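In our numbering, the protein residues as written are -2 to 248.
This is how it looks when you write it as structure tokens:
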């Protein structure tokens, strides 16, 4: 017989309408209700850093509404420089902010690795035109705030993302149809799903995985030095790594 769209969910046909059971119809109604509710719920993202904003942008480009929680009083980024390989630019492009990131990046001529004891050059990798042709994108360096700012601009250009600053995720409850996040003020936020991008001491990870951050014994110092204060003989247009016993320096 002719398939009726209303009954296609249960495999019932129009000429066998009378044979469809009540519980089959109830299943159809319930599934439809859940699907409708899901479309109305946002995806929740804990953390407004690089990871959280990248997740928000990816979700928006798939048609989802997104709600971002950031415990700091404003959305921003701190830190120092970072390196961007070709894959990073492919990722920025996929999120729609490739040109913004490129406009803020500094393009280097090569990557250099040097022995920190005797200054011997261990290796060099040119990152010029041949490198770009092979990998389809450049190799560059950028300040974390500029990378974050590029993502933030993309998020702010969308009307599908809402920000909740000075809001810390304290507890999460979930059921078959979604998740509820409770913040430090006791307010409940309902969502379709939750993405934990809330840092190394993630509240989300602690609740669901329960492995505390492990101290490795390594210490990292990061800084930004004004060009005028940097030694002239080290002002290379390169991503440089000095490797030594139990230590290394990147500039």
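Note that the Cβ used here is the ideal one computed from N, Cα and C, for glycine as well. Because the structure is a prediction, the values reported are computed rather than measured.
Using CA coordinates, which residue listed in the options is at the minimum distance from residue i?
| i | options | result |
| --- | --- | --- |
| residue 204 | 216, 187, 168, 217 | 168 |
| residue 231 | 248, 221, 223 | 248 |
| residue 98 | 140, 112, 244 | 140 |
| residue 129 | 212, 87, 119 | 87 |
| residue 142 | 170, 164, 48 | 48 |
| residue 163 | 90, 243, 71 | 71 |
| residue 156 | 53, 217, 44 | 53 |
| residue 154 | 39, 57, 133 | 57 |
| residue 215 | 225, 235, 237, 245 | 245 |
| residue 184 | 137, 44, 166, 197 | 166 |
| residue 125 | 236, 114, 242 | 236 |
| residue 105 | 199, 200, 60, 136 | 136 |
| residue 79 | 123, 228, 102, 197 | 102 |
| residue 94 | 151, 134, 133, 42 | 151 |
| residue 217 | 228, 202, 113, 243 | 243 |
| residue 84 | 116, 201, 133 | 133 |
| residue 90 | 233, 202, 144 | 144 |
So for residue i, helix, strand or coil by DSSP?
| i | result |
| --- | --- |
| residue 143 | helix |
| residue 10 | Unreliable placement is indicated for residue 10, whose pLDDT of 43 sits below 50; the coordinate value is still reported in the next sentence. Coil, per DSSP. |
| residue 69 | coil |
| residue 120 | strand |
| residue 94 | coil |
| residue 78 | strand |
| residue 150 | helix |
| residue 106 | coil |
Our contact map puts residue i next to residue j with C-beta atoms below 8 Å; I'd like the distance itself, whole angstroms only.
| i | j | result |
| --- | --- | --- |
| residue 66 | residue 180 | 7 Å |
| residue 92 | residue 51 | 6 Å |
| residue 188 | residue 178 | 7 Å |
| residue 121 | residue 138 | Not confirmed; about 16 Å, so no contact. |
| residue 118 | residue 239 | Their Cβ separation, rounded to whole angstroms, is 11 Å, which puts residue 118 and residue 239 out of contact at 8 Å. |
| residue 64 | residue 159 | 5 Å |
| residue 44 | residue 195 | 4 Å |
| residue 191 | residue 206 | Incorrect: roughly 13 Å between the Cβ atoms, too far for contact. |
Taking the DSSP output, what are the residues bridged to residue i?
| i | result |
| --- | --- |
| residue 162 | DSSP output for residue 162 lists no bridge partner at all. |
| residue 172 | 175 |
| residue 133 | According to DSSP, residue 133 bridges with nothing at all. |
| residue 112 | 240 |
| residue 126 | DSSP output for residue 126 lists no bridge partner at all. |
| residue 167 | According to DSSP, which records beta bridges pairwise, residue 167 is partnered with nothing at all. |
| residue 62 | For residue 62, which the question treats as bridged, DSSP gives no partner whatsoever. |
(Q) I'd like the ranges of any beta strand (DSSP E) spanning at least 3 consecutive residues and lying wholly in the segment 174 to 248. (A) 175 to 180, 185 to 188, 190 to 193, 235 to 241, 244 to 247
Q: Kindly provide the ranges of any beta strand (DSSP E) runs that are 3 or more residues long and lie completely inside the segment 32 to 58, ordered along the chain.
A: 40 to 43
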